[in-house]
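Quick note on numbering: UniProt numbering labels position 159 of the sequence shown as 159, and the sequence is numbered without any gaps.
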Amino acid sequence: MPAIEQTETVGAESEGYDSGHDEASIPPSSLDKFKSDLERFRLRRSTPDRSTKNLSPAKRQRTSTQYAPPSKYAHLSPLTDIMEPSLICVFVGFNPGVMTSTSGHAYAHPSNSFWKLLHSSGCTDVRLKPEQDVDLPRLYSMGNTNIVARPSKNAAELSKEESAAGTPILEEKIRKFRPEAVCVVGKGIWESIWRWRYRRAIKKDEFKYGWQDEKENMGKSDDWSGAKVFVATATSGLAANLKPHEKEAIWLPFGQWVRQRREERAQELTTMHGIA
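Here is the structure:
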């Protein structure tokens, strides 16, 4: 496969990037820790950095002018994750978009290519509609969640702090439900996870689409090595830095793996029941 430029439109995803449902049932202690981590992260970011204090205001990092506080979308109904124990994979979106929140279904905007890529890659044998998202676990052993729970029109309306600080909650979900793999739907999401883990931005030569190194597994615990991670492209209609066929080429290896694991699981089940 020819080399593909590893760039995406980050923070420019409108309703077209609509991802899935809100957070699964997580212990109160984890939610308290999340709030504490987020506050600590914000305080850390607000402390003057000696590397930038002598720069002119124009050269200092600015807060996104598109940021929208949670109160702006407080009227939107809450959503629920689509997750069950021991799924083959869980997709991780940025956060629910307005249309996703309004409809109650993942990747609901017509311009979003998520369901199309799921089909063309082989993750599903037919092209599903957003309202069929609830059938993903039963029919395909797949689930869906987000790194940030609150809805917004686009990813640019989220702060980098809250995007990064969503990582420990995501890790807790993966640790609880233990899927075989996590598919990160977009470069920007992986950048947020990386920022939280390593307290810095990912370098250009450190980023790659596809399967990540084993050390990047999510949800690791003393008795579990964690879910392996695949980074796919964003599916928003505005994430246009990659052409459709380039996105399909990146998604294809993941779809092939999912299909293979489903077949292997079916064979294991058949063998277990002694059916030739």
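Glycine included, each C-beta is placed from N, C-alpha and C at the ideal position.
| query | result |
| --- | --- |
| DSSP bridge partner residues for K228 (one or two, in chain order) | A181 |
| Cα-Cα separation, A165 to R262 | 33 Å |
| Buried or exposed by the 16-neighbour rule on C-beta atoms within 10 Å, applied to K243 | exposed |
| Per-residue DSSP class, three states only, for S221 | strand |
| C-alpha distance - G219 paired with W196, whole-angstrom precision | 14 Å |
| CA nearest to the CA of P85, picked from R175, G210, I189, R265 | R175 |
| Stretch-stretch touch, CB-based, cutoff 8 Å, three pairs: the region 80–100 with the region 256–272 | yes |
| N-terminal and C-terminal residue of the beta strand (DSSP E) that F91 is part of | 89–93 |
| For C183 and P2, the rounded distance between their alpha carbons | Note that P2 has pLDDT 44, beneath the 50 cutoff, so the model's placement of it is unreliable and the number below is only indicative. For P2 and C183, the distance between alpha carbons rounds to 22 Å. |
| E191, buried or exposed, once every other Cβ within 10 Å from all chains shown has been counted against 16 | buried |
| Per-residue DSSP class, three states only, for M99 | helix |
| T52 - DSSP class collapsed to helix/strand/coil | Caution applies to T52, whose pLDDT of 41 falls short of 50 and renders its modelled position unreliable; the model cannot decide the point. |
| DSSP beta-bridge partners of G143 | V90 |
| CB contact below 9 Å: I202 versus chain D | Included in the structure is just one protein chain, with no chain D present. |
| Per-residue burial, L128 [other beta carbons within 10 Å of its own, 16 or more giving buried] | buried |
| Where I202 sits in the DSSP three-state scheme | coil |
| Beta-carbon proximity check, V231 vs K187, cutoff 9 Å | yes |
| Whole-angstrom C-beta distance between Y209 and I250, which should lie under 8 Å | 5 Å |
| CA-to-CA distance, Y198 to K100, given in whole angstroms | Just to set this straight, residue 100 is Thr in the shown sequence, not Lys. For T100 and Y198, the distance between alpha carbons rounds to 31 Å. |
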